[in-house]
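Worksheet: one structure, shown below.
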Amino acid sequence: MQENRVLIDADACPRQALAIARSLCREKGWRCITFASYNHQLSGEDHVTVDAGPQAVDMRLANEAGAGDIVVTQDIGLAALILAKRAKAVSPHGTIFDQERIAFQLEERNEKARFRRGGGRTRGPAARSQEDDDRFSHALGLLMDS
Numbered sequence: 002m003q004e005n006r007v008l009i010d011a012d013a014c015p016r017q018a019l020a021i022a023r024s025l026c027r028e029k030g031w032r033c034i035t036f037a038s039y040n041h042q043l044s045g046e047d048h049v050t051v052d053a054g055p056q057a058v059d060m061r062l063a064n065e066a067g068a069g070d071i072v073v074t075q076d077i078g079l080a081a082l083i084l085a086k087r088a089k090a091v092s093p094h095g096t097i098f099d100q101e102r103i104a105f106q107l108e109e110r111n112e113k114a115r116f117r118r119g120g121g122r123t124r125g126p127a128a129r130s131q132e133d134d135d136r137f138s139h140a141l142g143l144l145m146d147s
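Okay, so the sequence shown: first residue is 2 according to our numbering, each after it adds one.
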């Protein structure tokens, strides 16, 4: 029987979301593994440190994830790779990535990047709220139970 795992892109994961994921994993008997570059050292026995190269954490996560795993990431490109491996993906803000919407989300990301390269400015993320914590907890719980 395959081990139930939550893999976390911890380089950009808010501390509150990390704490929620660890708590849910303990509660439901899942293994929680964090991945971060050596610039973002985290403690814990299930932590994988990678070098600080561009996309190093994403590539390690993409290689490690398999069918049935849940990956917590804000990176839409990584989420697309994860979905292609029949794993599940959720953002720390509670957005569940799915096959039906991922192409649109990738295109939207590319359009915003093109706009910024042309000198445009886009808004950054809003400050994390209790609603974000609640939405993430709910979404991760749903994925763990499905």
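Idealized CB from N, CA, C, for every residue including glycine.
Small disclaimer: the values here were computed from a predicted structure and weren't measured.
Put residue i into one of helix, strand or coil per three-state DSSP.
i   : result
A90 : strand
R32 : strand
A66 : coil
A37 : strand
Between which two residues does the beta strand (DSSP E) carrying residue i extend?
i    : result
R196 : There is no way to answer for residue 196, as the model of the chain reaches only from 2 to 147.
L8   : R6 to D10
T176 : Given that the chain is displayed from residue 2 to residue 147, the structure contains no residue 176 and the question cannot be resolved.
Please confirm whether residue i has its beta-carbon closer than 8 Å to some beta-carbon of chain B.
i   : result
D52 : Checking the listed chains, one finds no chain B in this structure; it contains a single protein chain.
Compute the Euclidean distance between the alpha carbons of residue i and residue j, then round it to the nearest angstrom.
i    : j    : result
Q56  : D10  : 11 Å
L84  : R117 : 27 Å
Q17  : D134 : 7 Å
T123 : K113 : 7 Å
A140 : A80  : 15 Å
A22  : T35  : 10 Å
How would you label residue i, buried or exposed, when you count the other beta carbons within 10 angstroms and need 16 or more for buried?
i    : result
G95  : buried
L143 : exposed
A37  : buried
R61  : buried
A223 : One cannot answer for residue 223 here, as it falls past the ends of the chain, which runs 2 to 147.
G24  : The residue you asked about is not Gly; residue 24 is Ser in the sequence shown. Exposed is the call here.
R87  : exposed
Can you give me the start and stop residues for the alpha helix (DSSP H) that residue i sits inside?
i   : result
G78 : I77 to A85
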